[in-house]
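Position 143 of the sequence shown, counting from 1, maps to 396 under our numbering, and the rest follow consecutively.
Note that CB positions come from ideal geometry on N, CA and C, so glycine has one too.
The model shown is predicted, which means the values in this text are computed figures rather than measured ones.
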Amino acid sequence: MARSRRGRIRDSILLGAAATLCSLLPTTTVAADPHPRQEVTVLTVNNGQEVLVELDGEGRAVRLACIQAPLAEQRPWAQNATDQLRRSLQPGNRVVLELRARDVYGRVVARLIKAGADVATPLLTQGAVFAYDGYLGQCNDLDYPRFEREAKAAQLGVWSVEGGLERPWNLIEASGGRLEP
254 MARSRRGRIR
264 DSILLGAAAT
274 LCSLLPTTTV
284 AADPHPRQEV
294 TVLTVNNGQE
304 VLVELDGEGR
314 AVRLACIQAP
324 LAEQRPWAQN
334 ATDQLRRSLQ
344 PGNRVVLELR
354 ARDVYGRVVA
364 RLIKAGADVA
374 TPLLTQGAVF
384 AYDGYLGQCN
394 DLDYPRFERE
404 AKAAQLGVWS
414 VEGGLERPWN
424 LIEASGGRLE
434 P
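Here it is in C-alpha coordinates:
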(Lines of atoms letter the chains of each structure in order from A and count residues from 1; the text may use other names and numbers.)
(Lines give C-alpha, C1' and ligand atoms only; values in the text may rest on other atoms or scores of the structure.)
Protein backbone atom coordinates (compact mmCIF):
# COMPACT_ATOMS: atom_id res chain seq x y z
CA MET A 1 0.00 0.00 0.00
CA ALA A 2 1.44 3.33 -1.07
CA ARG A 3 1.95 5.92 1.60
CA SER A 4 0.15 9.17 1.18
CA ARG A 5 1.98 12.32 0.29
CA ARG A 6 1.01 13.75 3.66
CA GLY A 7 2.55 10.71 5.45
CA ARG A 8 5.83 11.09 3.57
CA ILE A 9 5.98 14.80 4.40
CA ARG A 10 5.26 14.06 8.08
CA ASP A 11 8.03 11.41 8.13
CA SER A 12 10.48 13.83 6.49
CA ILE A 13 9.67 16.52 9.05
CA LEU A 14 10.08 14.05 11.95
CA LEU A 15 13.37 12.77 10.53
CA GLY A 16 14.65 16.34 10.09
CA ALA A 17 13.60 17.28 13.61
CA ALA A 18 15.32 14.19 15.02
CA ALA A 19 18.52 14.99 13.13
CA THR A 20 18.45 18.59 14.36
CA LEU A 21 17.85 17.46 17.94
CA CYS A 22 20.70 14.96 17.76
CA SER A 23 23.07 17.63 16.48
CA LEU A 24 22.29 19.76 19.55
CA LEU A 25 23.08 16.98 22.05
CA PRO A 26 26.52 17.05 23.65
CA THR A 27 28.90 14.50 22.23
CA THR A 28 31.67 12.70 24.00
CA THR A 29 34.90 11.89 22.32
CA VAL A 30 36.87 8.92 23.49
CA ALA A 31 40.50 9.95 23.38
CA ALA A 32 43.16 7.45 22.46
CA ASP A 33 45.04 6.19 25.52
CA PRO A 34 47.99 8.59 25.84
CA HIS A 35 50.10 5.88 27.48
CA PRO A 36 49.28 2.44 26.05
CA ARG A 37 50.07 -0.51 28.30
CA GLN A 38 51.29 -4.01 27.57
CA GLU A 39 52.45 -6.86 29.76
CA VAL A 40 56.10 -7.85 29.18
CA THR A 41 58.67 -10.20 30.73
CA VAL A 42 61.89 -8.91 32.30
CA LEU A 43 65.00 -10.49 30.77
CA THR A 44 67.70 -8.51 32.61
CA VAL A 45 68.52 -5.16 34.17
CA ASN A 46 71.20 -3.40 32.10
CA ASN A 47 71.81 -0.46 34.46
CA GLY A 48 69.98 1.81 36.88
CA GLN A 49 67.57 3.08 34.23
CA GLU A 50 67.48 0.45 31.47
CA VAL A 51 65.84 -2.97 31.43
CA LEU A 52 65.84 -5.58 28.69
CA VAL A 53 62.36 -7.04 28.29
CA GLU A 54 60.66 -9.48 25.97
CA LEU A 55 58.25 -7.37 23.93
CA ASP A 56 56.24 -9.00 21.14
CA GLY A 57 58.61 -11.97 21.12
CA GLU A 58 61.80 -9.87 20.89
CA GLY A 59 64.31 -8.58 23.40
CA ARG A 60 63.88 -4.79 23.62
CA ALA A 61 65.77 -2.23 25.68
CA VAL A 62 63.40 -0.13 27.78
CA ARG A 63 64.63 3.09 29.29
CA LEU A 64 62.69 3.94 32.43
CA ALA A 65 60.77 7.12 31.73
CA CYS A 66 61.29 10.36 33.59
CA ILE A 67 64.36 9.31 35.59
CA GLN A 68 68.11 9.50 35.01
CA ALA A 69 70.48 7.16 36.80
CA PRO A 70 74.03 8.26 37.57
CA LEU A 71 76.45 7.49 34.73
CA ALA A 72 78.85 4.53 34.98
CA GLU A 73 81.65 7.05 35.64
CA GLN A 74 79.82 8.25 38.76
CA ARG A 75 80.98 5.53 41.11
CA PRO A 76 79.58 4.11 43.36
CA TRP A 77 76.24 5.77 42.58
CA ALA A 78 75.66 4.15 39.18
CA GLN A 79 76.23 0.68 40.61
CA ASN A 80 73.98 1.46 43.59
CA ALA A 81 71.12 2.37 41.23
CA THR A 82 71.70 -0.77 39.14
CA ASP A 83 71.79 -3.00 42.22
CA GLN A 84 68.60 -1.46 43.59
CA LEU A 85 66.77 -1.93 40.27
CA ARG A 86 68.02 -5.55 40.05
CA ARG A 87 66.62 -6.26 43.51
CA SER A 88 63.26 -4.96 42.29
CA LEU A 89 63.19 -6.66 38.87
CA GLN A 90 64.28 -10.26 38.49
CA PRO A 91 64.56 -12.14 35.18
CA GLY A 92 61.19 -13.72 34.43
CA ASN A 93 59.13 -11.11 36.31
CA ARG A 94 55.98 -10.07 34.46
CA VAL A 95 55.52 -6.31 34.47
CA VAL A 96 53.26 -3.81 32.76
CA LEU A 97 55.01 -1.52 30.31
CA GLU A 98 53.37 1.91 30.03
CA LEU A 99 54.71 3.52 26.86
CA ARG A 100 55.79 7.15 27.11
CA ALA A 101 58.09 7.79 24.11
CA ARG A 102 61.11 6.61 22.12
CA ASP A 103 64.50 8.16 22.69
CA VAL A 104 67.25 9.17 20.26
CA TYR A 105 68.95 5.82 20.85
CA GLY A 106 65.88 3.91 19.60
CA ARG A 107 64.90 2.64 23.04
CA VAL A 108 61.34 2.36 24.20
CA VAL A 109 60.84 4.89 27.00
CA ALA A 110 58.27 3.62 29.49
CA ARG A 111 57.18 3.24 33.06
CA LEU A 112 57.38 -0.31 34.34
CA ILE A 113 54.74 -1.37 36.84
CA LYS A 114 55.20 -4.49 38.95
CA ALA A 115 52.30 -5.76 41.06
CA GLY A 116 50.59 -2.39 40.68
CA ALA A 117 53.62 -0.36 41.82
CA ASP A 118 55.83 1.88 39.69
CA VAL A 119 59.37 0.43 39.83
CA ALA A 120 60.98 3.89 39.54
CA THR A 121 59.33 5.29 42.66
CA PRO A 122 61.61 3.55 45.21
CA LEU A 123 64.66 4.49 43.11
CA LEU A 124 63.65 8.13 43.50
CA THR A 125 62.53 8.01 47.13
CA GLN A 126 65.83 6.40 48.16
CA GLY A 127 67.96 8.83 46.14
CA ALA A 128 69.33 6.24 43.72
CA VAL A 129 68.32 8.24 40.60
CA PHE A 130 67.31 11.74 39.54
CA ALA A 131 63.90 12.86 38.31
CA TYR A 132 64.33 13.77 34.63
CA ASP A 133 61.81 15.88 32.78
CA GLY A 134 63.42 15.77 29.35
CA TYR A 135 60.48 14.11 27.64
CA LEU A 136 58.46 17.21 26.72
CA GLY A 137 55.43 16.79 28.91
CA GLN A 138 55.47 12.99 29.09
CA CYS A 139 56.18 13.15 32.84
CA ASN A 140 53.74 15.82 33.99
CA ASP A 141 51.34 13.28 35.49
CA LEU A 142 53.98 11.71 37.74
CA ASP A 143 55.05 12.68 41.28
CA TYR A 144 58.73 12.06 40.55
CA PRO A 145 59.91 15.63 41.34
CA ARG A 146 58.24 15.40 44.76
CA PHE A 147 59.89 12.04 45.46
CA GLU A 148 63.25 13.54 44.50
CA ARG A 149 62.71 16.57 46.76
CA GLU A 150 61.91 14.27 49.68
CA ALA A 151 65.07 12.19 49.11
CA LYS A 152 67.11 15.38 48.80
CA ALA A 153 65.68 16.77 52.05
CA ALA A 154 66.56 13.49 53.80
CA GLN A 155 70.03 13.48 52.15
CA LEU A 156 69.56 9.98 50.77
CA GLY A 157 71.69 8.33 48.09
CA VAL A 158 73.03 10.81 45.53
CA TRP A 159 71.78 13.58 47.79
CA SER A 160 74.15 12.54 50.59
CA VAL A 161 77.00 14.13 48.60
CA GLU A 162 77.68 17.72 49.67
CA GLY A 163 75.87 19.91 47.13
CA GLY A 164 74.43 16.84 45.41
CA LEU A 165 75.98 14.72 42.71
CA GLU A 166 76.64 16.29 39.30
CA ARG A 167 73.57 15.77 37.15
CA PRO A 168 74.21 13.11 34.50
CA TRP A 169 72.64 15.19 31.73
CA ASN A 170 75.15 17.98 32.46
CA LEU A 171 78.02 15.50 32.18
CA ILE A 172 76.63 14.13 28.90
CA GLU A 173 76.34 17.63 27.46
CA ALA A 174 79.83 18.61 28.65
CA SER A 175 81.28 15.47 27.03
CA GLY A 176 79.97 16.52 23.63
CA GLY A 177 77.86 13.37 23.48
CA ARG A 178 80.71 10.92 24.15
CA LEU A 179 78.90 9.72 27.26
CA GLU A 180 75.59 7.93 26.82
CA PRO A 181 72.74 7.91 29.31
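Spatial neighbours of residue i in its chain, beta-carbon cut-off 7 Å, leaving aside the 5 residues before and after
i: L395; result: C319
i: P344; result: V295, L296, T297
i: R290; result: V349, L350, E351
C-alpha gap between residue i and residue j, whole angstroms
i: S341; j: V372; result: 7 Å
i: F400; j: G312; result: 31 Å
i: G429; j: E292; result: 37 Å
i: Q337; j: A381; result: 8 Å
i: R420; j: G301; result: 14 Å
Burial state of residue i, where buried means 16 or more other Cβ atoms lie within 10 Å
i: N393; result: exposed
i: G310; result: exposed
Cut-off 8 Å between Cβ atoms - residues of its own chain near residue i, not counting five sequence neighbours on either side
i: E403; result: T378
i: T281; result: With a pLDDT of only 40 at T281, under 50, the local geometry of the prediction cannot be trusted, and the value read off the model is given with reservation. The answer is none, since no qualifying residue turns up.
i: R353; result: H288, A318, C319, V362, A363, R364, Y388, Q391, C392
i: G417; result: K405, V411
Sub-8 Å separation of residue i and residue j beta-carbons
i: K367; j: N346; result: yes
i: P323; j: V411; result: yes
i: L350; j: A370; result: no
Under the three-state DSSP convention, the category residue i falls into
i: V372; result: coil
i: L317; result: strand
i: L338; result: helix
i: G410; result: helix
Residues of its chain near residue i, where Cβ-Cβ distance is below 6 Å and the 5 sequence neighbours each way are ignored
i: A325; result: A331
i: Y397; result: C319, L377, A384
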